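Going by the numbering used here, the sequence shown opens with residue 19, and the numbers climb by one from there. For glycine and all other residues, C-beta sits at the position ideal for the given N, C-alpha and C. Given the structure is predicted, the values throughout are model-derived calculations rather than measurements. Worksheet: the structure to be examined is printed underneath.
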Amino acid sequence: MLPVRRPPHVLPLVLLLLGALLAGCGPLPAGGAGATGTAERDVRRAVADWSRTVPGALAGIPLTDWSYEVSSVRRDGDRARAAARLRYRLEGYDTAPEEAAREVELVRDGGSWRVEADRPAPGAPPLLWDQGPVSVATGTHSLVLGGAGQSAGTLRGIAAEADRAVPAASAAWPGPWAGRVVVLVPGSLDAMARLLGRPADTYRGLGAVTTGRVGPGPAPADRVVVNPEGYAGLGAEGRRIILTHEVTHVATRAATSATTPLWLSEGFADWAAYRGAAAPAQAAPALARAVRRGELPGELPRTEDFAFGGDPDAAARAYEGAWLACRLIAAKWGEKALVDLYGRAGREPLETALRETLGVDRAGLTKAWQESLREELR
């Protein structure tokens, strides 16, 4: 995550899918256990029949493989609630189903069960369409889904910017990736926070974040989630930087793992966004001020240094320092070495990756980085 003047990112967010088992503990209804079992089978069948067709309100979204899997049923007379898991794919983007925990409410009408409501399961975040009508804009390399209140012009503009960000990310990251991106634009900051299941203050002052699963293998496409308030306050250059930064996270996702240092993943995304276009002292003002005060960082940014909610200037220095570390590696050892380091750091310890790609250890890289900060930010 970054202030809106710089490309933001948060650690990939794994949406928590709740599949709670609901069990009745009271006496069996009239008819005994057999009647109860028959009613539950009828409820499950009703949900399956209802979910064979994507809701008409979502017809403009390229949804495929749409299905609900019921895990449990709680019945109270002529009403029932089913805990279910929704699975779906965005055609052309998701290589594996996206999933969401849902609660389906049914009513018995004329001897048969009918679905009356479908909502997020208790404790689960909503989907974009739970928040109101969804609009769609399609670019050459992008699919943009806008929440309630987003204008067609805004979505087309974001699609155009995403289309420019994709080749920029590909130029920085030559490794294999899909070369396309899904962008969600909720109707407001509060709607964004509900979508991601976090407090609104987590994202205030940010332009966008990226969610996704790290590591190789089939997975739903990462979602770049735009903060409509932060994004609207940016100029053209700021929007370009933010989306290129986030799309680079999408491009490098398969090579990213829990062992990838945050300074490397955030710094690489910034390097791709600022590549060949930014002077260090102008693009790293917080760190430049610190260096001029004689406050040279003693080590590469740590994971906790990127946290928001504390000193925003400290977080800015972490992002700026990460960018300048990656910029140094590309300039001193070569862009290929930087790309190789990123790939290896997701598979093996950082010390090993540094020795194999740069021929230095962490202390050696830190010393070279500190020297470059003194020279470029004085």
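- The closest CA to that of ILE260, considering only ALA269, VAL227 and PRO234, is found on VAL227.
- A Cβ-Cβ separation of about 27 Å leaves ALA142 out of contact with SER160 under the 8 Å criterion.
- Per DSSP, reduced to three states, the secondary structure at TRP387 is helical.
- For VAL243, there is no enclosing alpha helix (DSSP H); the enclosing beta strand (DSSP E) has its first and last residue at 241 to 244.
- Boundaries for ARG320: no beta strand (DSSP E) harbours it, and the DSSP string shows neither H nor E there.
- Burial check for VAL122: the Cβ neighbour count within 10 Å reaches 16 or more, so the residue is buried.
- Assigned with DSSP and collapsed to three states, ARG222 falls in coil, not helix or strand.
- Proximity to ARG307 across GLY205, ASP323, SER283 and ARG335 peaks at ARG335, based on C-alpha coordinates.
- In this structure, ALA177 and GLY197 do not form a Cβ contact; the two beta carbons are roughly 15 Å apart against a cut-off of 8 Å.
- Considering only ASP94, ALA98 and ASP83, the residue with the shortest C-alpha distance to VAL61 is ALA98.
- Note that the C-beta distance between THR274 and LEU318 is not below 7 Å.
- Boundaries of the beta strand (DSSP E) around ASP83: 81 to 94.
- With fewer than three CB-CB distances shorter than 8 Å, the segment 348 to 358 does not count as touching the segment 297 to 316.
- Note: VAL200 is bridge-paired with LEU161 and ARG241 in the DSSP secondary-structure output.
- Here PRO138 carries a strand assignment [DSSP, helix/strand/coil].
- A straight line joining the alpha-carbon of GLY364 with that of LEU202 spans about 27 Å.
- Beta-bridge partners of ASP127 (DSSP): SER130.
- Closest by C-alpha distance to THR229, out of VAL268, GLY235 and GLU374, is VAL268.
- Only buried fits PRO115, as 16 or more other CB atoms lie within 10 angstroms of its CB.
- Contact between GLY167 and GLY225 does not hold, since the beta-carbon distance rounds to 18 Å and is not under 8 Å.
- C-alpha of ARG380 to C-alpha of ARG362: approximately 14 Å in a straight line.
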